[in-house]
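Per my numbering, the sequence shown starts with residue 317, numbered consecutively.
Where is the CB? At the ideal position from N, CA and C, for every residue including glycine.
Below is one structure, written out as structure tokens; the observations come after it.
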Amino acid sequence: MANIRVVATEPFEGQKPGTSGLRKRVTVFQQPRYLENFVQSVFDSLEGFAGATLVVGGDGRFHNREAVQTILKMAAANGFGRILVGRGGLLSTPAASCVIRGRRAYGGIILSASHNPGGPEGDFGIKYNIGNGGPAPERVTDAVFARTQSIREYRTLDAPDLDLERLGTQRFGGAEVEVIDPVADYRDLMARLFDFAAIRAAFAGGLRLRYDAMHAVTGPYAKAIVEDELGAPAGTVVNGTPLPDFGGHHPDPNLVHAKALFDEMMGPDAPDLGAASDGDGDRNLIIGRGVFVTPSDSLAILAANMHLAPGYRGGPKGIARSMPTSRAADQVAERLGVPCYETPTGWKFFGTLLDAGLATICGEESAGTGSDHVREKDGLWAVLLWLNILAARRQPVLGIVREHWRAHGRNHYARHDYEEVDAEAANGLMSALRGQLGALPGRRFGVHEVTTADDFAYTDPVDGSVSERQGVRIGFADGSRVVYRLSGTGTAGATLRVYIERFEPDPDRQGEDTQTALAGLAAVADELAGIRARTGRAEPDVVT
Ligand code: G16
């Protein structure tokens, strides 16, 4: 018989959820009561869940299994009636969103630090998603944070650990725990959205995909859908076994951490499409044979072509992008005559737009794309939509991309990241920038004249909530733009992100290399903010 136990505790400092939940080093989460305090604070901030269903799962990183057991016991002790957990404690972030929605759960807890490295010295994270399947909005995360500062006790079950490998329902205190196949619900949803028959025929006809699952959670999903269901040859999915330390790699699908994939795609015998996704499966990297597709371009091209997939026949009702994402999507929205929404960084800001039916597709420069099928960004979904488009258009990725630029113009785009910068220096840089906003318009930096300068503030068109200080935007006379903001997902020091964008309408000049096309603007970005002088960094750590 399992007994409920009430355990005394003390608050921990700094349990404030960032862009996407609470992310800290594994060693921080391993402190006794640390995870428990946060989970109890989540439950204490919610109402009316007695007897309701909670979904629990994570990306399989180090500490995932232990944390899942802790959460199951606490959820049962706090009065949830039914808890759905992915086999082995696994659920990709989009699959968790899919299960929450499809099974009408009250909410879900997702364990992940996304693209951050794993292992005993790596990062861990936890976030709460609400009943629409999306990340909790700020009013909920603010309440959770407030609770972490006053918490005095948590509730748990005195019970042995559950067998997470056995599918099916088990009694657990006053609750029922069902261990579910982490892939099944998600696979069924994908089969409803995409033309699986056409993609299957394309694979049978020789279409080649390389999918790098980066030893993270999407391996089982990609194998089940791409190889087993769609008939891509075995070996299409590489690094497909989830490992607690992601094989020692950084599960961030960008050109630095997925370099092997990039090299293969630029090589002589490259497949038609190369793709990768991150730790928890919500991000995607898209590379065609001989061409890297920036996430911003990918969003625009997917939006322009999504009517080719059965789930999106009417095309998008609206498009949403985060503020630092390039404005390539805006051009598509204009052509289609649908609205384009500009939101702060963080997938949670898309939730209200999707729920209200204002936007069908959303995307971010940080390799996230998704639609109203779930309330998270979805890496494998983006790859399947690309496959559906390739199957329908029977053109190489490069041809599709070039045609798109010719029709809409090209937005040369790069993000420069300065990682683990001294937090004081980074904050100083941002306040100095904010301090000179009024004086910038009219100033010239070489050929670049500043026309607009502001600190992005967003009013949600659906619920009216206001989010301020979301990043400094500098606009130039030729339509170029530089954006500065500090990352909300790092776990050490500060990460300064500088987003640089230049619009090129002339088809004859659209083939220029991006770094060359942006070199002048990058120098202006440095000068304007004093990056080198203030941070001591001559070069960014990562350029994506
Ligand atoms: C999270 C958020 C995204 C955001 C990204 C980067 O992604 O869900 O909306 O764009 O972080 O945020 P930042 O620039 O603040 O580091 P993920 O994949 O880490 O959950």
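- Contact between the stretch 348-365 and the stretch 440-448 is present: three or more C-beta pairs spanning the two stretches fall below 8 Å.
- Sequence-distant partners of D501 (beyond 5 residues in either direction) whose C-beta falls short of 8 Å from its own C-beta, in its chain, are A411, C414, V415, G418 and R419.
- Bounds of the alpha helix (DSSP H) holding K575 are K575 to M582.
- Closest in C-alpha terms to A368, from the list G395, I847, F359 and R349, comes G395.
- Within the chosen limit of 6 Å, the ligand G16 reaches the beta carbon of E680 through at least one heavy atom.
- In this structure, the straight-line span from the alpha carbon of I320 to that of H689 is close to 38 Å.
- In terms of CA proximity to N743, R785 leads the group I705, T767, R785 and V763.
- For the stretch 593-626, the continuous alpha helix (DSSP H) assignments of 4+ residues that do not extend past its boundaries occur at 611-621, in sequence order.
- Distance from the CA of A429 to the CA of G606, rounded to the nearest whole angstrom, comes to 31 Å.
- With 16 or more other Cβ atoms from the protein chains shown falling within 10 Å of its own Cβ, Q331 counts as buried.
- By alpha-carbon distance to L844, the top candidate from R750, D829, G806 and T811 is R750.
- Counting along the chain, the unbroken beta strand (DSSP E) around I496 starts and ends at A491 to I496.
- Collapsing the DSSP output to three states places V542 in a helix.
- Contact annotation: the stretch 652-666 does not touch the stretch 373-389, with fewer than three C-beta pairs closer than 8 Å.
- Residue ranges of uninterrupted alpha helix (DSSP H) with 4 or more members, entirely inside the stretch 656-704 and ordered along the chain, are 667-671.
- Under the DSSP assignment, H724 falls in the alpha helix (DSSP H) whose first and last residues are V713 to H724.
- Here the distance from the Cβ of G438 to the nearest heavy atom of the ligand G16 is not below 6 Å.
- Under DSSP, N445 shares a beta bridge with G424 and P451.
- For G744, the enclosing alpha helix (DSSP H) starts and ends at A739 to G751.
- With contacts defined as CB atoms closer than 7 Å, R503 and I541 qualify as a contacting pair.
- D477 and G521 have their alpha carbons spaced roughly 48 Å apart.
- For the pair of segments examined, the stretch 611-628 was found not to touch the stretch 789-805: the number of CB pairs separated by less than 8 Å stays below three.
- Collapsing the DSSP output to three states places S783 in a strand.
- Taking non-hydrogen atoms of the ligand G16 into account, the C-beta of D458 is found less than 6 Å away from none of them.
- The beta carbons of P536 and H431 sit about 19 Å from each other, so the pair does not count as a contact at 8 Å.
- By the criterion of a C-beta distance shorter than 6 Å, R398 is surrounded in its chain by T369 and E492, once the five residues flanking it on both sides are discounted.
- With a threshold of 16 other beta carbon atoms within 10 Å, T641 meets it and is buried.
- Judged by DSSP in its simplified three-state form, A755 adopts helix.
- Here the distance from the Cβ of S803 to the nearest heavy atom of the ligand G16 is below 6 Å.
- Contact between the stretch 591-609 and the stretch 712-729 is present, with at least three C-beta pairs closer than 8 Å.
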